[in-house]
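Right, one structure below, let's go through it.
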Amino acid sequence: MALVANQRVFIPKTLNDALNILRRRPECIVSAGATHLSLQKDPLPEDRDIVSLAYVEELSRVFRSDRYVDIGAMVSLEKMYDLSTHVVPRGVRQTVKDIGTPQVRSLATLGGNICAGAHHLGLLPILILNDSKIELRRSGASRWIPAGRLLDQDGSPALQPGEIVTRIRIPLDRWNIQETRRLELGRGFGGKDFSFCALGAVHQNSIEDLRISICLGGARILQSRTSDAELVGKKLPLGTRDVSQYTATLLTALELPQEYKTSFLEHRIRNLAAAFLFSLNRD
Numbered sequence: 373m374a375l376v377a378n379q380r381v382f383i384p385k386t387l388n389d390a391l392n393i394l395r396r397r398p399e400c401i402v403s404a405g406a407t408h409l410s411l412q413k414d415p416l417p418e419d420r421d422i423v424s425l426a427y428v429e430e431l432s433r434v435f436r437s438d439r440y441v442d443i444g445a446m447v448s449l450e451k452m453y454d455l456s457t458h459v460v461p462r463g464v465r466q467t468v469k470d471i472g473t474p475q476v477r478s479l480a481t482l483g484g485n486i487c488a489g490a491h492h493l494g495l496l497p498i499l500i501l502n503d504s505k506i507e508l509r510r511s512g513a514s515r516w517i518p519a520g521r522l523l524d525q526d527g528s529p530a531l532q533p534g535e536i537v538t539r540i541r542i543p544l545d546r547w548n549i550q551e552t553r554r555l556e557l558g559r560g561f562g563g564k565d566f567s568f569c570a571l572g573a574v575h576q577n578s579i580e581d582l583r584i585s586i587c588l589g590g591a592r593i594l595q596s597r598t599s600d601a602e603l604v605g606k607k608l609p610l611g612t613r614d615v616s617q618y619t620a621t622l623l624t625a626l627e628l629p630q631e632y633k634t635s636f637l638e639h640r641i642r643n644l645a646a647a648f649l650f651s652l653n654r655d
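Counting in this note's numbering, the sequence shown runs from 373 upward without gaps.
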């Protein structure tokens with residue numbers, strides 16, 4: 373990140389102060405941990421000042437109830453990973469672990485991660501899959517939205533002028549089996565990432581609910597609720613035939629974009645989905 377001479381940096385100490393600044397100057401760039409901004413080689417626009425949320429204590433709180441955990445937008449990824457699975461779901465912690473080094477995670481924040489648009493580094497898919505909600509606030513107003521509505525079709529945060537992400541609410545009372553994997557696809561795919569997310573609700577030796585999704589190259593998330601529904605209600609253990617039928621149906625239903633239709637990636641998706649389904653038998 374390169375500042376220019378005429379740019380100002382506002383450092384509010386309270387959330388109200390931050391929202392009031394953004395009400396008066398909605399064009400400001402909001403900075404959380406600044407890890408995403410630091411990757412930009414070009415100078416920031418000269419006509420846009422910066423509001424740093426680094427010292428807004430209200431945004432660094434974590435609250436847990438029996439049904440959900442609320443995590444402030446300024447909570448660092450490293451702090452999230454340090455919390456136990458009784459506070460942060462296993463799939464979310466596992467995703468956090470795959471993001472950068474401990475040094476990067478100590479600077480990067482949850483809010484900054486999910487607002488980095490098409491270049492986000494992996495948390496949004498798992499938050500969408502488990503029905504997380506996001507609190508958005510601006511001066512005089514607040515609202516909650518599903519995590520899946522945070523980004524617009526271009527992969528940018530769909531925020532109103534002067535609005536910021538303040539809290540992320542993650543449900544705790546449904547999924548007892550969670551798995552995420554993040555892989556680099558290599559030069560053949562432009563160095564883009566691939567992430568696999570899976571959630572299972574297993575009770576009394578039966579699959580009560582199942583969700584599997586993949587994320588390709590940033591913000592493109594693919595999921596087939598129809599394929600998942602075919603296994604809901606199935607008694608465990610699942611047999612090889614059940615798993616093979618599901619993985620074949622899943623690949624067809626996902627409708628991979630043409631540039632991703634390779635035997636390597638299809639084989640990878642099939643194996644990850646099969647491994648997760650067989651893991652349900654061990655619960």
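Ideal placement from N, C-alpha and C gives every residue a C-beta, glycine not left out.
Report back the beta-carbon spacing between residue 472 and residue 552 to the nearest angstrom; my notes put them in contact at under 8 Å.
Wrong, their Cβ atoms sit about 15 Å apart, outside the cutoff.
Less than 8 Å between the CB atoms is what I'm expecting for residue 442 and residue 545, so what's the real figure, rounded?
Residue 442 to residue 545, Cβ: 14 Å. No contact.
Taking 8 Å as the limit between beta carbons, can you name the residues of its chain near residue 650, skipping five residues before and five after?
610, 615
To the nearest angstrom, report how far apart residue 446 and residue 580 are at their CA atoms.
34 Å
Express the C-alpha separation of residue 582 and residue 604 in angstroms, rounding to a whole number.
7 Å
Cα-Cα separation, residue 404 to residue 606:
44 Å
How about residue 619 and residue 640: do their beta carbons lie closer than 7 Å?
no
Closer than 8 Å is the cut-off here; do at least three beta carbon pairs connect the region 379 to 386 with the region 420 to 435?
yes
Those residues which DSSP pairs with residue 458 across a bridge:
Note: residue 458 sits in no beta bridge, so no partner.
C-alpha gap between residue 387 and residue 395, whole angstroms:
12 Å
Hey, how far is the Cα of residue 400 from the Cα of residue 465?
31 Å
Closer than 7 Å by C-beta to residue 392: which residues in its own chain qualify, once you throw out the five before and the five after it? Chain order, please.
511
Using the beta-carbon count (16 or more within 10 Å), is residue 474 buried or exposed?
exposed
Given this structure, state the Cα-to-Cα distance separating residue 587 from residue 390, to the nearest angstrom.
33 Å
Would you call the CB atoms of residue 646 and residue 622 closer than 7 Å?
no
Looking at the structure shown, is residue 533 part of a helix, part of a strand, or coil, going by DSSP?
coil
Compute the Euclidean distance between the alpha carbons of residue 411 and residue 533, then round it to the nearest angstrom.
Residue confidence for residue 411 is low, a pLDDT of 49 falling below 50, so the modelled location carries little weight and cannot support an answer.
Mind checking which residues open and close the beta strand (DSSP E) that includes residue 614?
From DSSP, residue 614 is part of no beta strand (DSSP E) but of the alpha helix (DSSP H) over 612 to 626.
Near residue 530, which residues of its chain fall below 6 Å by C-beta distance, leaving aside the five closest residues on each side in sequence?
524
Our contact map puts residue 319 next to residue 486 with C-beta atoms below 8 Å; I'd like the distance itself, whole angstroms only.
As displayed, the chain neither begins before 373 nor continues past 655, which places residue 319 out of reach and without an answer.
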